Each structure stands twice: as structure tokens, then as C-alpha cells.
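Heads up, the thing below is written out as C-alpha cells.
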Amino acid sequence: PAPFADDAFKGYAVTDTKNWTDFTVMNYKPKQFTEDDVEVAITHCGVCGSDVHTITAGWGAITPPLVVGHEIVGIATRVGKNVTEIKLGDRVGVGAQIASCYTCKACKNHNENYCPTMIDTYGAEYPDGTKTMGGYSLAIRANKLFTFHIPDGLASEDAASMLCAGLTVFSPLVRNGCGPGKKVAVCGIGGLGHYAIIFAHALGAQVTAFSRSLDKKEDVLKMGADRLVISSVPGFEKEFAREFDIVICALNVSAGFPIGEYLTILDVAGIFIMVGLPEGNLPALTAFNLLPNGCRLSGSHLGNHEEMNQMLKLAADKGLKPWIQKMPMKDCGKAVKAVKDGKVRYRIVLEQDLTL
Ligand code: NDP
Ligand code: ZN
1 PAPFADDAFK GYAVTDTKNW TDFTVMNYKP KQFTEDDVEV AITHCGVCGS
51 DVHTITAGWG AITPPLVVGH EIVGIATRVG KNVTEIKLGD RVGVGAQIAS
101 CYTCKACKNH NENYCPTMID TYGAEYPDGT KTMGGYSLAI RANKLFTFHI
151 PDGLASEDAA SMLCAGLTVF SPLVRNGCGP GKKVAVCGIG GLGHYAIIFA
201 HALGAQVTAF SRSLDKKEDV LKMGADRLVI SSVPGFEKEF AREFDIVICA
251 LNVSAGFPIG EYLTILDVAG IFIMVGLPEG NLPALTAFNL LPNGCRLSGS
301 HLGNHEEMNQ MLKLAADKGL KPWIQKMPMK DCGKAVKAVK DGKVRYRIVL
351 EQDLTL
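The numbering of the sequence shown is the working numbering, which starts it at 1 and goes up by one.
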């Protein structure tokens, strides 16, 4: 595979957040390649709920033009001398984080996903002012800590969405002791939620899905959940008082979501982990939502390097596959609209169609 010249980088960009389904192919300047970097010719990119929050300016204003996408798989076309885990021509992945400071307490403790000066794969800036552009594109350069070897047993199209959606639920599951004998509840069965079912089940836990309707029942049973509970009916939580050790909440909605009710389904000192990042404020709580069972209310952001490798290996070894729908990359406008409309079962993966 040939390396990319600096002027060869291009991708599908949103130029106006009001017309966020209109993408234009544009060229941009990549980060300067260093000996700690890997350059990737992108073959696949998943479409994350975060891409939609970003291009619609739902999380706040952005500065277009912007290329989004942070569930990237491709072929290594250039590998820096200081990179040990990846060889030229390897299949590699890049997720939602592309750099960190490497020196702070979080970075030193394998918590680089919590580095206060982390750099997002798109919509951020390197210290020299170069803007980061994501994976709805031809190629990307990333630091070696945020570039991952894809195991042979895992197809590129299946690996892509694991790089963000998969890792984001895998990390809090393993950090909170998910395994045999544990009961896990998953709320919101989209891209992240469906991975939470697949991985919690594969790790040996008993899994219950909470969804707004029965529509996804057959699917969640096939993914490894034991049952589906309709969460939109008042009193849905009553039957499950103190039942669960872990609640993974991947909901993409804030207004009116029954957070207090969800806390009652936790066992003593059980943990509620918010991985969803809906726009707006979460519903109010009182101290009495936290006190009766001493539950813990938490959040989680992506995962670290070791957890990514552990997840990819588990998926390859156990033959775990996400539920995906493939589309050519030029249809990224249709893809983000489908995510916004809640029509995806359960992740769209874009296939490369740009050429030099
Ligand atoms: P999806 O759109 O695939 O899934 C969201 C799910 O939320 C839906 O499937 C639905 O589940 C549920 N939901 C319930 N009510 C609503 C509503 N009113 N509108 C929309 N969804 C609703 O999104 P993703 O899985 O890609 O992302 C989920 C969230 O996680 C996003 O906010 C995203 O930004 C965030 N995220 C966080 C990361 C982190 O590091 N913490 C990393 C990546 C993403 P059901 O039909 O079962 O009710
Ligand atoms: Zn994401």
C-alpha cells in the first residue's frame, strides 16, 4: 500500500449544520506524520449517534466544514519507526480518540480515555492548529496508542463499529466486574446498547434489555438477552427492585427518561453507568433516589488501549458479530438521517468509495 501525499486527503464534509444531510467531497490538510503515527487507508467507517449530535450542532456550535466518523478500519499505509504493534499492510482500526498528552496522571494510569487534553478523532485541533477530520474519508493519521491491530478472525466491516460503540460499553462492563453470576440491565437498544447485550452475555452475565417497545424483542433474545422489558410503561421497574448489579444506559434522550426508577432496579451498591450523551439536562434526582440501596451513579467515556485489544480479541475468539447494515460512503447523508430517525438495526457501516 502506498502512503498518501499531504494533498491527497479528502472526505465527505458537512458544510452547514442546518443542512446536515448534505455532504460535499473536500480536500483538507492532515496532521503532519511523525514516527509515533500510523497512516490508514480507510475501507470502512461506522456511523455513530455522536456523529449526528455533532453535525446537527446538537451538542453546541461547530466550525464547518467538518468530516465526521470515528469507527474506522482500513489498511496501514505508513507506520512510524516507534510503532511496535502494527506493520505496514496490517488491517488496523481507529476509534473516537486520536491523541492524548501521554504524561498526565490519567495517561500514566492507563486512563488515556480520560486525559483532560485528549484529542477527538474529528472536530478537535492539534496543538499546531491542524483540525482533526474523521473517517467518512479516504485516509487518516493517528498516534500509535489510538491505532489497533484487527485480529485475523474479525472481518473489517464487523470490527469498524467496535472501535467506538463496542469499546464504550465494553470498558465499563469489564471495569465493573461483569461476568458469571452478575446481572446486567441495558437501556436503549441502539448501536451502543446492542453491543452491551452482546459483550455482557459473552462475558458470562445474565442480561435484560429495556426498550421503548416490543419491536426489538426477537433481536435482543438472539443477541444474548434473556428478556426484553418495555420501559415506556409507568411502573415498569417495580418487578425488578434490587435485581441488577450493573445498569448500562445507552439512551439518546434526556427529557423525561425515568432515571430515578432505573436506580431502584440496582442491588445494594450496584452501579448505573451513563454511556449515552443526550442533548440537554438529565431529569432531576433527589438524595432519596441514591440512598435506599446505596447505588452509585456514574458515567463512562470510550475505553483504554488494553481494553480495546481485549475486546477485539474476545470478539475474534468467540466469533461475536455486531448487527450491521452496509452502505456506500457516498450515502452518508442517508445514513445520518436514518440514525437520527431511529431506523437503524443496529449500526450502519459505510464502505469506501472515494479514490485518489
Ligand atoms: P442509537 O441511535 O443507535 O441508539 C440510541 C437508543 O436510544 C435508541 O436505539 C433507543 O433505544 C433509545 N432511545 C430512547 N428514547 C429515544 C428517543 N426519544 N430518541 C432517540 N433514541 C431514544 O445511538 P448510539 O448507540 O450510537 O449512541 C447512543 C448515545 O451514546 C449517543 O448519545 C451518543 O452520542 C453516545 N455515545 C457516547 C460515547 C461515550 O464515550 N460515552 C461514545 C459513543 C456514543 P430503544 O428503541 O431500545 O428505546
Ligand atoms: Zn462514537
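Even glycine gets a Cβ: it sits at the ideal position worked out from N, Cα and C. Since we're looking at a predicted model, the values are computed, not measured.
In the DSSP assignment, Ala13 falls outside any alpha helix (DSSP H) and within the unbroken beta strand (DSSP E) covering Lys10 to Val14. Taking 3 residues as the shortest admissible run, the stretch 283-340 contains the following complete beta strand (DSSP E) segments, listed from N- to C-terminal end: 296-299 and 324-328. Contact between the stretch 195-202 and the stretch 218-227 is established, with three or more Cβ pairs separated by less than 8 Å. Take Ala139, set aside five residues on each side of it, and the residues of its chain with a beta-carbon closer than 8 Å to its own are Phe4, Ala8, Phe9, Pro30, Glu39, Val40, Ala41, Ile42, Gly74 and Thr77, in chain order.
In the DSSP assignment, Gly191 falls within the alpha helix (DSSP H) that extends over Gly191 to Ala202. When Leu266, Asp353 and Ser137 are compared, the shortest CA-CA separation from Glu243 is found for Leu266.
Restricting attention to beta strand (DSSP E) runs no shorter than 3 residues, the stretch 121-184 encloses them at 139-143 and 147-149, ordered along the chain. Sequence-distant partners of Gly193 (beyond 5 residues in either direction) whose C-beta falls short of 6 Å from its own C-beta, in its chain, are Val186 and Ala250.
Beta-bridge partners of Gln206 (DSSP): Lys183.
Under the three-pair Cβ rule at 8 Å, the stretch 11-25 does not count as touching the stretch 157-175. Taking every protein chain shown into account, the CB of Ala165 has 16 or more other CB atoms within 10 angstroms, so this residue is buried.
If the five residues before and after Glu351 are omitted, its C-beta is found closer than 8 Å to the C-beta atoms of Thr43, His44, Glu157, Lys326, Met327, Pro328 and Met329, all from its own chain and listed in chain order. Put simply, of Phe23, Leu285 and Val83 the residue whose alpha carbon is nearest the alpha carbon of Asp37 is Val83.
Within 10 angstroms of the beta-carbon of Asn27 lie fewer than 16 other beta-carbons, which makes it exposed. DSSP places Gly276 in no alpha helix (DSSP H); its state is neither H nor E. Set against 7 Å, the gap from the CB of Ala160 to the closest heavy atom of the ligand ZN is not smaller. Val169 is positioned such that its CB atom lies no closer than 8 Å to that of Ile72. Not one heavy atom of the ligand ZN lies closer than 7 Å to the C-beta of Cys249. Three or more Cβ pairs closer than 8 Å define a contact, and the stretch 267-278 meets that threshold against the stretch 287-301. Distance from the C-beta of His53 to the nearest heavy atom of the ligand NDP is below 7 Å.
For a cut-off of 8 Å, the C-beta gap from Glu307 to Leu154 is around 16 Å, too long to register as a contact. If you ignore the 5 residues before and after Lys318, its C-beta comes within less than 7 Å of the C-beta of Ala202, all in its own chain and listed in chain order.
Here DSSP, grouped into helix, strand and coil, assigns Asn113 to helix. The C-alpha of Gly280 is placed about 10 Å away from the C-alpha of Gly60. At a threshold of 7 Å, Pro278 counts as near the ligand NDP, since its beta carbon sits closer than that to one of the ligand's heavy atoms. Taking C-beta atoms under 8 Å as the contact rule, Ile189 and Ala205 fail to qualify, at a distance of about 16 Å.
Cβ contact annotation for Gly134 (same chain, cutoff 7 Å, sequence separation greater than five): Val67, Val68, Gly69, His70, Thr121 and Tyr122, in chain order. Here Thr54 carries a helix assignment [DSSP, helix/strand/coil].
The DSSP-derived three-state label of Cys101 is coil. Pairing Ala99 with Gly299, the inter-Cα distance amounts to about 21 Å.
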